[in-house]
Amino acid sequence: MPAQPVLFEYAVNGRKVPALAAPTKRGEIFILDRATGKPLTGIEERPVPRGAIPGERYSPTQPYVRGFASFEPPPLTEAGMWGATPIDQMWCRIRFRSLDYKGLFTPPSERGMIQWPGTFGILNWGSVSIDPERQLMIVNSAAIPQEVRLFRHGANTDRPAMAKDSHAPGYLPQYGTNYGVSLLPMLSPLGIPCEAPPWGKLAAVDLRTGKIAWSRTFGTTADTGLGVPVPGAFNLGGSVNTAGGVTFIGAALDNYLRAFDTASGRELWRGRLPAGGQATPITYVSRKSGRQYVVIAAGGHAYMQTTPGDYVVAFALDDGKERAAR
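In our numbering, the protein residues as written are 993 to 1318.
What follows is the structure, given as structure tokens:
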């Protein structure tokens, strides 16, 4: 559960029910009655693989949502491993064969396993946003495969350097347990994910049908070390919707705040930021001037290696045109 739930009214059999949407890193979005906690869409328990770590308890099933869009990515395959060159594609395929992978709930092991989606994705701290007038839920998603390996405490084995915090790649001791764990992004020797782009998307779910109304890539890698503007880059941060039907979102690896038509997903505008916009913007109307503003904290993100900063940037909406008011 990576983010705060979003409160809204959900139509059930012709009546509006006070509901909440709970997004998950799996890409499932659970819609619950916020008075009772009961699911407002179908839920089914599906069998999942169990591990073999002594003393561990493994659930035989996990819950899946029925009747509402899922953003769970397709399973990884050896043939689907990707690389910018034949050499690093081959490296990714060899790496795939050297690790455990049984799908979404592959259990961790001492051999090492592929976690897909990993801790980075699918849905993250920005949560989702909802346009009640258009009955659309806006969802930005991103994913990267992750290598997870368990290490027995006291075992004389090679392991990565100690991670500085839980968001950094490396070894995490997991004090109070019998094992430590390493979390490493599954990257080729060139530092590019072993999963083909696009790595990030923006989409809208029709709340009346539970189906995806539109989906598109957004953001590029232009402001990163890759030096190539690959579309559909990673994103981290949420969106905000206006009553006029515009969705604003930063989040992407490049330093822009973007505006999209909520109903169609068409990009309307982008404003340059002085640092990474890995935050959720806010919008408000000034009582004094009557003008509407969109504000975002542009601080960058160390793990994503976006431009660091300590800026708060505001844009004013003026007769349909956004004007910087930094």
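For glycine and all other residues, C-beta sits at the position ideal for the given N, C-alpha and C.
Asked, Found
"DSSP-derived helix/strand/coil call for phenylalanine 1022", "strand"
"Within 8 Å, strictly: CB atoms of leucine 1343 and valine 1173", "This structure leaves residue 1343 out entirely; the chain is present only between 993 and 1318."
"Residue from Ile1086, Pro1181 and Arg1250 with nearest C-alpha to valine 1287", "Arg1250"
"Inter-residue spacing [alpha-carbon to alpha-carbon] between proline 1266 and aspartate 1310", "22 Å"
"Straight-line Cα distance separating isoleucine 1045 from aspartate 1092", "14 Å"
"Pair within 8 Å by beta-carbon distance, lysine 1017 and proline 994", "yes"
"Three-state secondary structure assigned by DSSP to arginine 1279", "coil"
"CB contact flag (phenylalanine 1000, isoleucine 1122, <8 Å)", "yes"
"Test item: CB-CB of valine 1304 and alanine 1289 under 8 Å", "yes"
"Helix, strand or coil at methionine 1105 [DSSP, three-state]", "strand"
"Same chain, Cβ closer than 7 Å to isoleucine 1274, five either side skipped, listed in chain order", "Val1232 and Val1287"
"Three-state secondary structure assigned by DSSP to glutamine 1270", "coil"
"Enclosing alpha helix (DSSP H) for arginine 1085 [first to last residue]", "1078-1089"
"DSSP three-state assignment for proline 1046, whether helix, strand or coil", "coil"
"Residue closest to leucine 1228, alpha-carbon to alpha-carbon, out of Asp1215, Gly1242 and Thr1234", "Gly1242"
"CA nearest to the CA of glycine 1072, picked from Asp1246, Asp1198, Ala1188 and Thr1298", "Ala1188"
"Cβ neighbour criterion (16 or more within 10 Å) applied to threonine 1028", "exposed"
"Delimiting residues of the beta strand (DSSP E) encompassing serine 1133", "1128-1135"
"8 Å CB neighbourhood of methionine 1296 in its chain, flanking five on each side removed", "Phe1226, Leu1228, Leu1245, Gly1268 and Gln1270"
"Stretch-stretch touch, CB-based, cutoff 8 Å, three pairs: the region 1021-1035 with the region 1052-1064", "yes"
"In DSSP terms, what glutamine 1166 is bridged to", "For glutamine 1166, which the question treats as bridged, DSSP gives no partner whatsoever."
"C-beta atoms of phenylalanine 1252 and threonine 1239 nearer than 8 Å", "yes"
"Cβ distance (whole Å) where threonine 1209 is taken to contact proline 1223 below 8 Å", "5 Å"
"Three-state secondary structure assigned by DSSP to leucine 1309", "strand"
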